[in-house]
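J.: I'd like to ask you about the structure that follows.
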Amino acid sequence: MKQFTLGMIGLGTMGRNLLLNMADNGFQVTGYDKDPKMLKKLEEDGKAHDLKGFASLEDFIQSLELPRRVMLLVPAGPIVDSVIQELVPLLSKGDMIIDSGNSHFTDTSRRADELSKQGIHFFGMGISGGEEGARFGPSMMPGGDKQAYNAVKPILEAVSAKVNGDPCVTYIGPGASGHFVKMVHNGIEYAMMQVLAETYALLKHSLGYSNEQIYTTFDKWNNGRLKSFLLEVTKDIFKVKDPKTGNLLLDMIKDEAKSKGTGKWTSQVSMDLQLPIPTINEAVSTRDLSKFKSLRVALSKALPHQGEAIDHKEAFEVQLEQALYFAMIISYAQGLHLLEAASAEYKYELNLKEISQIWRGGCIIRAELLEDIYQAYKKNPELPHLFSDESIQHKLKDIVPGTRHVVITAIAHGIAIPCYASALTYYDSLRTANSPLNLTQAQRDFFGAHTFERVDEEGIFHADWNSTN
Ligand code: 6PG
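Structure, rendered in structure tokens:
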């Protein structure tokens, strides 16, 4: 029987596309799916490579070279556990399972621990880039046993996106680090998407731009330093007509955003690690707030706000481009800061230079700006924070005045800009040498005897706040 180099379980669009990508790159691969329709689709799409799948899990496993490389692209959650359960009795020591869905990193840790007892390497690998990325070059974040990684490295490097010849995949680190990094990637994605939505609100309501003008503005910006996958698709949305009504499709879409959870997980972990990512948090909360549609409609009537027209439209548009660039920097800065804290806590040995390098292509948050971020970590792999890099500092100094003006204007106009406002406040908080939080410590000690530290002496102190000396 033919021996295949890798087998994919789950032949939905992502799994099938990734398999086709592997076949294009000359790898002998196969797949398994319970659904015969999926097997048929694989055969049709993979005709050029005579790509076929199996309807029997046993036959599929028997067709793989040893040590086996089995990749899962099935929905995250309990399905992953049930597939593993079916698989394990058929596998041998040294085989490798790669879960390429958006699994929660704690599930990945648990599965890796359980499977290592049976001599099976379990990899959690985040894949970004959507259907197109899977087919023609995604960014991939694999984490697990380093030696086992070498068994899939040539395949992953061949199928990944490339930037200046560099593959957009690297060994991320041990344990569940791959899924952790993908989760934070998605947190950054949420923040950038929300900032783009806020920009749309400002162009539409503060500047009174038509959909065509918004397209033109985004298109112009996307030819400059803001060039990014998310801005590119956002701009294109402003061209797509609804076949039913002939209106812009966007205008026919309900303004209630859904999510699958990766953004929320990022916020939850940041709270656990006490490493603030307020702009990402705002993006998560804003999607949740959007669900209160009928309440919002009622309150828009009960509590109306009369905005003022902007006189200097051209100047405001220039400032808005600066504010968008600023908020993008902040989104990456918060995500990378969280990765650093997680690396120390979970012993992930993350390399932020390599992570920013593989995010430059293939993934949803790919952007021109990531080249500068990559260069910053290349110059100093120990950078305490993205803001510590001098070239990033130059950028920030240049765009902060415009950003302040945008935030002030939006607030004056009563336009909700949670991510812009939080990005600016995050920046201001971090560049404040003497914060007012000495007062918080005094209050805690006053009513709870929680003690405080002094500025002039080492040690822990408690004061008698009720004495009137
Ligand atoms: C990617 C995306 C991908 C997916 C998100 C959507 O990197 O390719 O992040 O993973 O689009 O899971 O997440 P929400 O449904 O939560 O918006």
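Residue numbers for the sequence shown follow the working numbering, so the first one is 585 and each next one is one higher.
Note that the Cβ used here is the ideal one computed from N, Cα and C, for glycine as well.
It should be emphasised that the depicted structure is a prediction, and the values quoted were computed from it without experimental measurement.
1. Classify Asn964 as buried or exposed, calling it buried when 16 or more other Cβ atoms lie within 10 Å of its own Cβ.
2. Express the C-alpha separation of Ser940 and Gly661 in angstroms, rounding to a whole number.
3. By DSSP, does Leu967 sit in helix, in strand, or in coil?
4. Going by other Cβ atoms of all chains shown within 10 Å of its Cβ, with 16 needed for buried, is Glu628 buried or exposed?
5. Hey, is the segment 744-759 in contact with the segment 939-957, meaning 3+ C-beta pairs nearer than 8 Å?
6. Assuming contact is defined by CB atoms lying nearer than 8 Å, are Ile798 and Phe764 in contact in what I supplied?
7. Among Phe706, Lys811, Gly945 and Gly762, which has the Cα closest to the Cα of Val743?
8. Looking at the unbroken alpha helix (DSSP H) that takes in Phe822, where does it start and where does it end?
9. The alpha helix (DSSP H) that contains Val853, what's its start and end?
10. Around the Cβ of Leu786, are there at least 16 other Cβ atoms within 10 angstroms (buried) or fewer (exposed)?
11. Under the three-state reduction of DSSP, which class applies to His705: helix, strand or coil?
12. Any heavy atom of the ligand 6PG closer than 7 Å to the Cβ of Lys844?
13. Between Pro860, Ser915 and Thr783, which has its C-alpha nearest Glu905's C-alpha?
14. Would Asp691 and Val654 be called neighbours here (beta carbons separated by less than 8 Å)?
15. If you count every other CB in all the chains shown that lies within 10 Å of the CB of Asp973, and 16 or more means buried, which is it?
16. With 16 as the cutoff for other CB atoms within 10 Å, does Trp849 come out buried or exposed?
17. Measure how close the beta-carbons of Ala639 and Leu656 come, nearest whole angstrom, since I'm counting them as under 8 Å.
18. Run through DSSP, which three-state label would Lys877 get?
19. I'd like to confirm something about Ser851: is its beta-carbon nearer than 7 Å to some heavy atom of the ligand 6PG, or not?
20. Pick out whichever of Ala735, Ala960 and Leu954 has its Cα sitting closest to the Cα of Arg809.
21. When you compare only the Cα positions, how much space is there between Ser854 and Pro862?
22. Can you give the beta carbon distance from Asn601 to Ala732, rounded, assuming they're within the 8 Å contact cut?
23. Rounded to the nearest angstrom, what separates Ser884 and Asp839 at their Cα positions?
24. Leaving out the 5 sequence neighbours to the left and right, which residues in its chain are closer than 7 Å to Lys962 when beta-carbon positions are compared?
25. Between Gly610 and Gly599, which are expected to be in contact by the criterion C-beta below 8 Å, what is the C-beta distance as a whole number of angstroms?
26. If we ignore side chains and look at the alpha-carbon of each, how far apart do Arg694 and Tyr1004 end up?
27. What are the boundary residues of the beta strand (DSSP E) that includes Ile976?
28. Can you tell me whether Gly771 is helix, strand or coil according to DSSP?
29. Under 7 Å Cβ to Cβ from Leu1064, same chain only, skipping five residues before and after it: list those, please.
30. Report all residues from its chain with a CB closer than 7 Å to the CB of Val658; omit the five preceding and five following residues, and keep chain order.
31. Just verifying my parser: in three-state terms, what is the DSSP assignment at Arg695?
32. Determine the contact status of Gly637 and Gly771, defining contact as a CB-CB distance below 8 Å.
33. Within 10 angstroms of its Cβ, does Thr1024 collect 16 or more other Cβ (buried), or is it exposed?
34. Does at least one heavy atom of the ligand 6PG sit under 7 Å from the Cβ of His769?
35. Going by the C-beta, is Cys947 closer than 7 Å to any heavy atom of the ligand 6PG?
T.: With the given structure in hand:
1. Here the question's residue 964 lines up with position 380 in the sequence shown. Burial call: exposed.
2. Stepping through the sequence shown from its first residue, residue 661 is reached at position 77. Stepping through the sequence shown from its first residue, residue 940 is reached at position 356. Roughly 28 Å between the two C-alpha positions.
3. Position 383 of the sequence shown holds residue 967. Coil, per DSSP.
4. Residue mapping note: residue 628 aligns to position 44 of the sequence shown, counting from 1. Classification of Glu628: exposed, given that the 10 Å Cβ count is below 16.
5. Counting Cβ pairs under 8 Å, three or more are found: they touch.
6. For the purposes of this step, residue 798 is taken as residue 214 along the sequence shown, with counting starting at 1. For the purposes of this step, residue 764 is taken as residue 180 along the sequence shown, with counting starting at 1. Not a contact, by the Cβ cut-off of 8 Å.
7. Along the sequence shown, one-based indexing puts residue 743 at 159. Among Phe706, Lys811, Gly945 and Gly762, the Cα nearest to that of Val743 is on Gly945.
8. Residue 822 sits at position 238 when you count from the first residue of the sequence shown. In the DSSP annotation of this structure, Phe822 is not part of any alpha helix (DSSP H), being labelled neither H nor E.
9. Stepping through the sequence shown from its first residue, residue 853 is reached at position 269. Here the alpha helix (DSSP H) through Val853 covers Thr846 to Leu857.
10. For the purposes of this step, residue 786 is taken as residue 202 along the sequence shown, with counting starting at 1. Classification of Leu786: buried, given that the 10 Å Cβ count is 16 or more.
11. Taking the first residue of the sequence shown as position 1, residue 705 is located at position 121. Three-state result, His705: strand.
12. As a working note, residue 844 is residue 260 in the sequence shown. Yes; taking the cut-off as 7 Å, the Cβ of Lys844 has a heavy atom of the ligand 6PG nearer than that.
13. Start at 1 with the first residue of the sequence shown, and residue 905 comes out as number 321. Answer by Cα proximity: Thr783.
14. Translated into positions along the sequence shown, residue 691 becomes position 107. Translated into positions along the sequence shown, residue 654 becomes position 70. No. Outside cutoff.
15. The residue labelled residue 973 in the question sits at position 389 within the sequence shown. Per the 10 Å Cβ criterion, buried.
16. By 1-based counting over the sequence shown, the position of residue 849 is 265. Of the other Cβ atoms in all chains shown, 16 or more fall within 10 Å of the Cβ of Trp849; this residue is therefore buried.
17. Against the sequence shown, residue 639 aligns to sequence position 55. Against the sequence shown, residue 656 aligns to sequence position 72. That belief does not hold up - the Cβ atoms of Ala639 and Leu656 are roughly 17 Å apart, past 8 Å.
18. Counting from one through the sequence shown, the residue named residue 877 turns up at place 293. Lys877: helix per DSSP, three-state reduction.
19. If you number the sequence shown from 1, residue 851 lands on position 267. Incorrect: Ser851 has no Cβ contact closer than 7 Å to the ligand 6PG.
20. Residue mapping note: residue 809 aligns to position 225 of the sequence shown, counting from 1. Out of Ala735, Ala960 and Leu954, Leu954 has the C-alpha closest to the C-alpha of Arg809.
21. Here residue 854 corresponds to residue number 270 of the sequence shown, with the count starting at 1. Here residue 862 corresponds to residue number 278 of the sequence shown, with the count starting at 1. If I take the Cα positions, the gap works out to 9 Å.
22. Position 17 of the sequence shown, counted from the start, is the residue given in the question as residue 601. Position 148 of the sequence shown, counted from the start, is the residue given in the question as residue 732. With 8 Å as the limit, Asn601 and Ala732 do not qualify as a contact, their Cβ atoms being about 24 Å apart.
23. Sequence index remark: in the sequence shown, residue 884 carries index 300 (1-based). Sequence index remark: in the sequence shown, residue 839 carries index 255 (1-based). A direct Cα-to-Cα measurement between Ser884 and Asp839 gives close to 14 Å.
24. On the sequence shown, residue 962 is found 378 positions in, with the first residue counted as 1. Closer than 7 Å at Cβ, skipping near neighbours: Lys937.
25. To locate residue 610, count along the sequence shown from 1; it is residue 26. To locate residue 599, count along the sequence shown from 1; it is residue 15. The beta carbons of Gly610 and Gly599 sit about 19 Å from each other, so the pair does not count as a contact at 8 Å.
26. In the sequence shown, counting from the first residue as 1, residue 694 sits at position 110. In the sequence shown, counting from the first residue as 1, residue 1004 sits at position 420. So the two alpha carbons sit approximately 37 Å from each other.
27. In the sequence shown, residue 976 corresponds to position 392, counting from 1. That residue, Ile976, is in no beta strand (DSSP E); its alpha helix (DSSP H) goes Glu974 to Ala996.
28. To locate residue 771, count along the sequence shown from 1; it is residue 187. It is helical.
29. Given that the chain is displayed from residue 585 to residue 1053, the structure contains no residue 1064 and the question cannot be resolved.
30. Here residue 658 refers to the residue found at position 74 of the sequence shown. The answer, listed in chain order, is Ile593, Gly594, Val664, Val667 and Gly685.
31. Position 111 of the sequence shown holds residue 695. Helix, per DSSP.
32. Locating residue 637 in the sequence shown gives position 53, where the first residue counts as 1. Locating residue 771 in the sequence shown gives position 187, where the first residue counts as 1. With contacts defined as CB atoms closer than 8 Å, Gly637 and Gly771 fail to qualify as a contacting pair.
33. The residue labelled residue 1024 in the question sits at position 440 within the sequence shown. That one is exposed.
34. Working through the sequence shown from its first residue, we reach residue 769 at position 185. Yes.
35. Here residue 947 is taken as the residue at index 363 of the sequence shown, counted from 1. Yes; taking the cut-off as 7 Å, the Cβ of Cys947 has a heavy atom of the ligand 6PG nearer than that.
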